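Data block below; observations after.
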C-alpha cells in the first residue's frame, strides 16, 4: 500500500527535479521586464490622416513591426518585445542603456529623399530688395560633401565654393522645374514644416550646423529618388569624421536612378542648375553637396555631415532596413495617441527588491500561520507550494528563452496573488478532512474519502480563476497581460501539484501509525469515537 502512495509522490519529485536541473544546465533564466530591469516602452499609433484602411492597413502595420524589429536587433537590445495590438505597435526594450537613442531609432519614419537644390537662401526670410546683400559663398558654412570614396574632400569644398549661386530658370519637367514661384520670391517665404515635406512638392528647409542651429535655408525641388533605391548602408569613420556609406541596388530602380540625378546636377541641367543634390531624411537635410562626377559606382557613395558616432550608426541602421510604411504619432506628443514610458535601471532594481521583499515577508507569515494551525499538514501545504513554484519557474525560464517572455512588476503581483489561490486549495482539502474526522471517520479513512469531494471544489475554483485570467489576457494590453499570464499558469500548476503531490503526501501522512495516535501533530481533531 505504501508503495502505491510513494510511487506517484517520488515520480512527481523526480520529474520536477529533472526539469529544474535541465533548465539550469541549459542556462535558462527568467528575463526581467522594464519595470524590474529598467528600459523603455513606446506605443506607436498611426496618425489620423493616413489613407490606408482594412487589409492595406494590416499589411502596413505588419511590415512596420518587421522593420522596427530589425532596427531594434541592429541596436543590440537584448530580448526586446515588439508586438502588434490592434492598430498599435508596442515596443518594450528592457535593459536598454541609451533610452532616448533607442526611441528615436524605433519611431523614426526614415523616409530618405534625394532632392535637387534650386537655390540657397538666407537663414531667415528677407525682402527681395535685401537679397543682393546676402553672402552665399558657402566656403566655410556650406553643405558638406557626397563623393566617390576615392575623391578627397577638399576638392568638394572648392566645388561648393564655386557653385553656390541660386537657380534662375524653371523650364517644364521635374526637380527644380515649374516650382510655382521663382527663387527670388522664395527669399521672403517661411521654411516648410518637417511634416509638410511631401515628395512631389518643392520645399524650403533649413541647413543646420553642428549645434542644430540654422545658418542657411535651401529651396529644394521635387524628389528625384528615394531610399527605396538603397540596398543597405553602413557607418564609417574616415577623414576625421563619421560618414554614412549607402549601397544602391543594381539596375534601373537603384544606382541608375541615382546616376541620372547625378548626371543632371553635374551638367547643371535645368532640373538641377546649382549642381547640388540634397539628401533629406524625415524632412531634415543631412547634407547638400555639389556633385563632382556624373557617374558613381553603387558602393562608392559617401554621405558626410555633422555626424557623431551614434548618429552616423543610427542613420545607417534606419536606411539599411528601409522606411516605415506609414507615419506614426510623435510619442512625446500627448495628443498623438502614441506614448512613451521610461524606467531607470535604479527604479527597476528598487521595484524588483520591493517585489522580492513583499514575496518573502508574505510567504513567511503564511508559512507560520499554516504550520501553527495545521501542523504537519501545513508543512505539506508549503511543500506543495514549493513544487508548484518550481514548475512555474521552469516554465517561465523556458518561455523567456524561446518566446522572450519577460517578468514584469504586474507579473510579480500575479505570482503573489497565486500564492493565496494555491493555499486556498490546501485549506479546502484540510477542512474537508477535519469535517470527516469530526463525523467519526479515522484519519486514514478520511484522507481517502475527503480528497475527491474537495478536489471538485478546488478544480472549479481554479477553473474560474483560469477563465478570468484568459479574459484579462486576451482583452487587455500591456502589464495587465503579465498579471493574467502568471495567474493563469499558477492556477493550472496548482491543480497539478494538488493532485499529484499533495494528495499522495497527505495520504502518506495518514498511514503513519504515530500520526494516527497523535492527531494533534497533524493539526486535525481527535476522532469522535476516541473522545468517548
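In my numbering, the protein residues as written are 8 to 539.
Using N, Cα and C, we set each Cβ at its ideal position, and we do this for glycine too.
A quick note: this is a predicted structure, and the numbers were derived from the prediction, not measured.
Cβ neighbours of residue i in the same chain (closer than 6 Å, five flanking residues each side left out)
i	result
residue 328	74, 77 and 78
residue 457	439, 440 and 443
residue 511	12, 15 and 16
residue 66	none
residue 408	35
residue 270	301
residue 437	381 and 384
Candidates the options, of which the one nearest residue i by Cα
i	options	result
residue 235	254, 45, 318 and 88	254
residue 449	518, 124, 412 and 266	518
residue 28	222, 479 and 402	402
residue 192	128, 220 and 214	128
residue 26	395, 101, 13 and 480	395
residue 243	466, 323 and 206	323
residue 232	188, 182 and 277	182
residue 287	267, 466, 119 and 252	119
residue 382	433, 471 and 488	433
residue 132	195, 113 and 189	195
residue 218	313, 265 and 207	313
residue 32	404, 302, 44 and 335	404
residue 210	80, 311, 454 and 125	125
residue 377	220, 370 and 385	385
residue 502	336, 264 and 463	463
residue 265	277, 307 and 428	307
residue 230	205, 371 and 482	205
residue 41	62, 319, 184 and 414	414
residue 285	295, 277 and 454	295
residue 61	21, 47, 44 and 93	93
8 Å Cβ cutoff met for residue i and residue j
i	j	result
residue 406	residue 358	no
residue 494	residue 476	yes
residue 426	residue 392	yes
residue 224	residue 215	no
residue 198	residue 212	yes
residue 389	residue 23	no
residue 68	residue 91	yes
residue 252	residue 268	no
residue 321	residue 249	no
residue 487	residue 465	no
residue 497	residue 412	no
residue 480	residue 491	yes
residue 227	residue 190	no
residue 454	residue 513	yes
Extent of the continuous alpha helix (DSSP H) run through residue i
i	result
residue 256	It is not in any alpha helix (DSSP H) - residue 256 carries neither H nor E in the DSSP assignment.
residue 397	383-410
residue 466	450-482
residue 267	262-273
residue 417	416-445
residue 88	Unbroken run through residue 88 is the beta strand (DSSP E), 88-92; no alpha helix (DSSP H).
residue 22	9-32
residue 510	510-518
residue 191	190-193
Contacts around residue i, its chain only, beta-carbon distance under 8 Å, and the 5 residues preceding and following it disregarded
i	result
residue 452	443
residue 256	236, 237, 238, 262 and 305
residue 188	196
Spatial neighbours of residue i in its chain, beta-carbon cut-off 7 Å, leaving aside the 5 residues before and after
i	result
residue 282	170, 272, 273, 275, 297 and 298
residue 113	49, 75, 78, 79 and 98
residue 245	none
Residue i classed as buried or exposed, judged by whether at least 16 other C-beta atoms fall within 10 angstroms
i	result
residue 147	Since pLDDT at residue 147 reaches only 40, below the 50 mark, its modelled position is unreliable, and no value is offered.
residue 430	buried
residue 123	buried
residue 37	buried
residue 309	buried
residue 10	exposed
residue 293	buried
residue 167	Reliability of the predicted coordinates at residue 167 is poor, the pLDDT of 35 falling under 50, and the value obtained from them is presented with this limitation in mind. Residue 167 comes out buried.
residue 88	buried
residue 14	exposed
residue 474	exposed
residue 19	buried
residue 368	exposed
residue 489	buried
residue 520	exposed
residue 461	buried
Test: residue i CB closer than 8 Å to a CB of chain C
i	result
residue 190	Among the chains of the structure shown, chain C does not appear; only one protein chain is present.
Endpoints, the beta strand (DSSP E) within which residue i is located
i	result
residue 240	237-245
residue 501	Taken as a continuous stretch (DSSP letters only), residue 501 belongs to no beta strand (DSSP E), being part of the alpha helix (DSSP H) at 486-504.
residue 229	It is not in any beta strand (DSSP E) - residue 229 carries neither H nor E in the DSSP assignment.
residue 316	From DSSP, residue 316 is part of no beta strand (DSSP E) but of the alpha helix (DSSP H) over 316-328.
residue 288	284-288
Residue i Cβ short of 7 Å to the ligand MN heavy atom set
i	result
residue 241	The ligand content of the structure shown is nil, which means the ligand MN is not present either.
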